[in-house]
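Each residue of the sequence shown is one higher than the last, beginning at 0 in numbering that gives the first Met the number 0.
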Amino acid sequence: MSFPNPIFRTENLTLRPAVPSDAASLAAIFANPLNTQHEPHKPSSPTVEEYQGRIAKWNDLRVSGKAYFLVITRPPTTETGSGSLPAGGVIGFGGINAISADAQGKRIADLGVLIDSSEWRKGYGREALQATLDFAFRQVEAEGVGCDEAFFETLAMNTPFQRLADRMGMTKWKRVTSDGKEVEYRFSKEDWEGIKKQSS
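Below, the structure written as structure tokens:
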């Protein structure tokens, strides 16, 4: 069975597998405390060397179809501050952290998106999340993963991300964990198609 090599574009972004030259950009993103303030498993001291190793592992997971870790990029523009874009235009990280199957054989994607604080409030988080969900639910024959269900989690204190999910029409699928520390959004492929129709 062949697995996709995801490179997909939205109106403003490109999502693609990380390559070794992205290590410095990723280390900088995860070293920014604003980016990781709501991350339950934040790296303690991100370095270029650490992310070079991670990128190699992510590639192995992608080749085996177990996970799809992606960098989020955008091209330079004439907007103020665009000159600070890192090499390759990497402004975030996301993708599918893991693909599992339940007792009935249903394929489930665990996904997430993180945008650098310098690029907040520009709609990029929504674009990246939509593209990742489309990729997760798209059939393998159409260069997708072919999952039946997807979910993403965040800390209960991460209200900005919850507002984003709610604006996307996901409130119905929001669930607070029993300890009250995290919030999960979980829905099926059919649910996602319905969400898109309502927002179009």
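Even for Gly, the Cβ is constructed at its ideal location relative to N, Cα and C. Treat the numbers as computed from the prediction; the structure is a model and nothing was measured.
| Asked | Found |
| --- | --- |
| Cutting at 6 Å between CB atoms, please list the residues of its own chain near Val139, excluding the five before and the five after it. | Gly145 |
| Tell me the rounded alpha-carbon separation between Trp57 and Ile194. | 30 Å |
| Excluding five sequence neighbours on each side, which residues of the same chain lie with their C-beta closer than 6 Å to the C-beta of Phe68? | Trp57, Gly94 |
| Among Ala164, Ala127, Ala23, Phe186, which residue has its Cα nearest to the Cα of Ala108? | Phe186 |
| Just confirm the distance between the C-beta atoms of Leu60 and Gly91, as a whole number of angstroms; I'd bet it's less than 8 Å. | Wrong, their Cβ atoms sit about 19 Å apart, outside the cutoff. |
| Taking Pro159 as part of the alpha helix (DSSP H), name the residues at either end of that continuous run. | 158–166 |
| Could you compute how far the alpha carbon of Ala55 sits from the alpha carbon of Gly64? | 14 Å |
| Can you list the beta strand (DSSP E) stretches of 3 or more residues lying completely in the region 29–75, in chain order? | 67–72 |
| Count the other CB atoms within 10 Å of the CB of Met169; is the residue buried (16 or more) or exposed (fewer)? | buried |
| Over what stretch of residues does the alpha helix (DSSP H) that includes Thr131 continue unbroken? | 123–136 |
| Alpha carbon to alpha carbon, how far is Val182 from Leu154? | 6 Å |
| Rank Ala100, Ser99, Gly88 by C-alpha distance to the C-alpha of Asp115 and give the top, closest one. | Gly88 |
| Could you tell me which residues DSSP puts in a beta bridge with Glu152? | Glu183 |
| Compute the beta-carbon to beta-carbon distance between Leu12 and Arg73, rounded to the nearest angstrom, for a pair I have assumed lies under 8 Å. | 5 Å |
| Do you know how far the Cα of Ile98 is from the Cα of Tyr184? | 16 Å |
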